[in-house]
Amino acid sequence: MKRYGRITGWGKAVPERILTNHDLEGMIDTSDEWIVTRTGIRERHIAGPGETSATMSVEACQKALAHAGVDPEEVDLIIVATSTPDYLCPPVSSMVQDQLGATHAAAFTLVAGCTGFVYGLVTASQFIETGLYKKVLVVGVETLSPGVDWTDRTTCVIFGDGGAAVLLEASDQPTGILSCELGSQGKDWDALIYPGGGCAKPFSEKVLRNREHYLRMDGRRVFKFAARTMTDSVTNVVKASGLTWDDIELIIPHQANARIIELAARRLGVPMEKVMVNIDRYGNTSAASIPLALCEAVEEGRLEPGDHVVFVGFGAGLTWAAAVLHWQPEEAIRAEDWPLPASLFRPVTQVRNAVWSTQVAARARLQDAAMAAMAPINAWQRRIRGG
Ligand code: COA
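Using this note's numbering, read the sequence shown as starting at 48 and increasing by one per residue.
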């Protein structure tokens, strides 16, 4: 039997702290007017103490699992798309697996710049379609703020922190990804780069002095690439899906720059009402931007079961990816499979999800309490060992 990867749960996690354009006016030579007209950004979320790619991923995954009513122990695989892991080693995906309690899951981190989430979604679908896995979490997350040079006005106004996750589950009803395109234009690998800190130029006093541990970007080169690949790849995947433009209810592009999105929409002949834009409140959150925008689109009622949505990402590498997805978060109701009257399906699901969310929250509180209780014992043991 053919299997399909259906998104059944989703959740986002963003830091509470907000940095507005007006805040930036007090830090560097810039203006709210310049940032808004050139990028569409008004504010962005910035991670506070203790907030990292791992913690945001865990929160987003917990919400996605609670929404789908799935236990962490049922998850087969976790893919975390990010360019800003907590540590270079170990993979942040293993930390997420541990903190989530997804004891039976395989886990890996996927690095494909801002395109990472779409690469991850396509990869997850392949695992489900081959029958290897039934439940896969895909996370897009970034903690970019520590790697941004807050004295460089050409980059620091653009980026923000955040994360979001989706759960894909195996289904025998035709749904999920209908067509996709993944690409890489490796000749432009240096257009978006942390020059120092990797094995090519290990971290040193010189790297620090030259500020090479911070993100550098050739903005114009990226802009041209993004506008072209967004237009071409969306055209290609819509054509490959066998759908018409009228069948597409929403396009969710990577939120890099409102001007790139508007330019591509104009070239595609798609009205902006069909394009999801939330860059004004988040800035460019790289691999997190598409799943964050997906969560908001659902919250705002812009996606209905049965709709078709196009995801399109582009970024460091330079890479790009696009996919057409059939949005059907709940199994289409078939009377023969369901003993209750169909009208009861939705309320029953809501009650089940509410019970599950309460259980997840209670478990988290219990874990916190247990850790707090253990703290003095651990400290005592450390003292004894030290002595
Ligand atoms: N505030 C005020 N002025 C700024 C500024 C800022 N934050 N940043 C740059 N400027 C200045 C420049 O110094 C330049 O001044 P000059 O003309 O005196 O030399 C002027 O504004 C124009 O700079 P330019 O780089 O040509 O602006 P732009 O219109 O290309 O916009 C970006 C810059 C970065 C917003 C734009 O190139 C972009 O969005 N590129 C794509 C970036 C992207 O998507 N990256 C992530 C990929 S995933």
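Note that CB positions come from ideal geometry on N, CA and C, so glycine has one too.
Supposed contact pair arginine 85 and tyrosine 329 - C-beta distance, whole angstroms, cut 8 Å: About 16 Å; that fails the 8 Å criterion.
Integer-rounded CB distance, given that alanine 369 should sit under 8 Å from valine 359: 4 Å
Candidates Gly245, His301 and Asp354, of which the one nearest threonine 131 by Cα: Among Gly245, His301 and Asp354, the Cα nearest to that of threonine 131 belongs to Gly245.
Closest residue to threonine 77 among Thr202, Val61 and Ala171 (Cα-Cα distance): Thr202
Tryptophan 435 Cβ short of 8 Å to the ligand COA heavy atom set: Because the chain here runs from 48 to 434, residue 435 falls outside it and cannot be looked at.
Short Cβ contact (9 Å threshold) for isoleucine 240 with alanine 363: yes
Those runs of the beta strand (DSSP E) which lie wholly inside the segment 164 to 238 and span at least 3 residues: 182 to 189, 209 to 218 and 223 to 231
Isoleucine 295, DSSP secondary structure in three states: Coil, per DSSP.
Short Cβ contact (9 Å threshold) for alanine 311 with valine 281: Cβ atoms of alanine 311 and valine 281: closer than 9 Å.
Limits of the unbroken beta strand (DSSP E) element including aspartate 354: Where aspartate 354 is concerned, the enclosing beta strand (DSSP E) stretches over 354 to 362.
Closer than 8 Å: serine 8 CB and nearest the ligand COA heavy atom: Since the first and last residues shown for the chain are 48 and 434, residue 8 lies out of range.
At least 3 beta-carbon pairs within less than 8 Å: the segment 253 to 273 vs the segment 224 to 241: The count of Cβ pairs closer than 8 Å, one atom from the segment 253 to 273 and one from the segment 224 to 241, reaches three, so the stretches are in contact.
Which of helix, strand or coil DSSP assigns to leucine 66: Three-state result, leucine 66: strand.
Residues of its chain near proline 221, where Cβ-Cβ distance is below 7 Å and the 5 sequence neighbours each way are ignored: Tyr51
8 Å contact criterion, which phenylalanine 361 and histidine 301 should meet: CB distance rounded: 6 Å
Proline 193, buried or exposed, once every other Cβ within 10 Å from all chains shown has been counted against 16: exposed
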